[in-house]
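Its first residue numbered 1, the sequence shown is counted upward by one per residue in my numbering.
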Amino acid sequence: MANPPWLNVSLLSESVWRIEDAGMVSEYLILGGNRALLVDCGWGIGDLAKAVAGLTSLPLTIINTHGHPDHTCGNYRFQSAYIHEGDVPVLKRNYDPEVRANILRRFPKHTLPDGFSEHAWVSTPLPHYVPFKGPLSFDLGGRSLDVIETPGHTPGSLCLYDHKERTLFSGDNIISGETLLNLPDSLPLATYLKSVDKLAAMADKIEKIVPAHDQVPLMPDVLKEMQAGVRKILDGKIRGTPMTTRLGSGLACRFDGCGILYKEERLR
Numbered sequence: 001m002a003n004p005p006w007l008n009v010s011l012l013s014e015s016v017w018r019i020e021d022a023g024m025v026s027e028y029l030i031l032g033g034n035r036a037l038l039v040d041c042g043w044g045i046g047d048l049a050k051a052v053a054g055l056t057s058l059p060l061t062i063i064n065t066h067g068h069p070d071h072t073c074g075n076y077r078f079q080s081a082y083i084h085e086g087d088v089p090v091l092k093r094n095y096d097p098e099v100r101a102n103i104l105r106r107f108p109k110h111t112l113p114d115g116f117s118e119h120a121w122v123s124t125p126l127p128h129y130v131p132f133k134g135p136l137s138f139d140l141g142g143r144s145l146d147v148i149e150t151p152g153h154t155p156g157s158l159c160l161y162d163h164k165e166r167t168l169f170s171g172d173n174i175i176s177g178e179t180l181l182n183l184p185d186s187l188p189l190a191t192y193l194k195s196v197d198k199l200a201a202m203a204d205k206i207e208k209i210v211p212a213h214d215q216v217p218l219m220p221d222v223l224k225e226m227q228a229g230v231r232k233i234l235d236g237k238i239r240g241t242p243m244t245t246r247l248g249s250g251l252a253c254r255f256d257g258c259g260i261l262y263k264e265e266r267l268r
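So this is what it looks like as structure tokens:
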């Protein structure tokens, strides 16, 4: 019997495709008049390049919202991808064969796609990437997307704002679950708040938020909720409760529609 499909493709709006990767993370294909933009490349275990080719023949630009493996391990299936220079070390680590072998152990063999080569995936070399810092926009033809630098989850985390559909592609920066600031690469909570302040200031321009995990879409009011909640933590008005996950432990706080997992020793 064939293994279950690794990628699940659905139409999010008239010209935006959501590609769910192993039911764990979502990539987004955004179509313009002249070009297409792929936001993140997932695990690279399913054939994302084939899935994208089946959706559009437009020239393709690729950007990673940050460097974690569930967003960049699939970069090798494409010619090149933009990534913020702050996350280049994270990206490079994901292409160490030992690291990739450990990542692959997370997935039971019976879930891997038919024809998938574990050896080829583990041993694939670091693909070409384009590091950047500062303002960056993508003109897709009748549609433009701006990069918003939002360090916190990782040093080079970013969001993308789609002017045409007034949509914020938030990566892992704003999700309905707990945004992780407890990871080794994460920055202090005060740094993350500055990023949330930047996003909250745009709330009146945003109709929906499209994250890489959990509920899709989110309404823009979660930005104000996250902003207020993080400020309360930093002001000492509230404190999270201990939580342990497979990605580490920390203090968890839930707000209305979003949450955060942070380290008490890494507030400022």
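Each residue gets a CB set at the ideal place from its N, CA and C atoms; glycine is no exception. Every value quoted in this text rests on a predicted model; they were computed, and no experiment measured them.
Gly-74 and Gly-42 - do their beta-carbons sit closer together than 7 Å? Cβ distance < 7 Å, so Gly-42 and Gly-74 count as in contact.
Is it buried or exposed for Ala-2, if we count other Cβ within 10 angstroms and need 16 for buried?
Bear in mind that the predicted position of Ala-2 carries a pLDDT of just 47, short of 50, making it unreliable; the figure below should be weighed with that in mind. Sixteen is the threshold: since fewer than 16 other Cβ atoms of the shown chains lie within 10 Å of the Cβ of Ala-2, the residue is exposed.
Quiz item: With Cys-253 and Gly-236 assumed to form a contact (beta carbons below 8 Å), what rounded beta-carbon distance in angstroms separates them?
Solution: Not a contact, Cβ separation roughly 13 Å.
| said: If you reduce the DSSP assignment to three classes, tell me which class Ala-2 lands in. | reply: In this predicted model, Ala-2 has a pLDDT of only 47, less than 50, meaning its place in the structure is not dependable; the value taken from the coordinates is given anyway. In the structure shown, Ala-2 falls within a coil segment according to DSSP collapsed to helix, strand and coil.
Query raised in the report: Pairing CB atoms from the stretch 141-159 with CB atoms from the stretch 104-116, are three or more of them under 8 Å?
Result: The answer is no - the stretch 104-116 does not touch the stretch 141-159, with fewer than three Cβ pairs under 8 Å.
Inter-residue spacing [alpha-carbon to alpha-carbon] between Leu-187 and Pro-69: Using only the alpha carbons, I get a separation of about 18 Å.
- prompt: Which stretch, first to last residue, makes up the alpha helix (DSSP H) that contains Arg-93?
  reply: Segment 88-93, the alpha helix (DSSP H) holding Arg-93.
- Item | Simplified DSSP assignment, three categories, for Leu-112 | Leu-112: coil per DSSP, three-state reduction.
Reducing DSSP to helix, strand and coil, say where Trp-121 ends up.
In the three-state reduction of the DSSP assignment, Trp-121 falls in the helix class.
(Q) Please state the DSSP three-state secondary structure of Glu-165. (A) When secondary structure is reduced to three states using DSSP, Glu-165 falls in the coil class, being assigned neither helix nor strand.
Q) When we look at the beta-carbon of Asn-173 and count the other beta-carbons within 10 Å, is it buried (16 or more) or exposed? A) By the 10 Å Cβ count, Asn-173 comes out buried.
> Taking DSSP as the reference, what is the three-state secondary structure of Glu-85?
Replying inline: Assigned with DSSP and collapsed to three states, Glu-85 falls in helix.
- Message: So, with DSSP's three-state summary, where would you put Leu-189?
- Response: Shown here, Leu-189 sits in a helix according to DSSP, grouped into three states.
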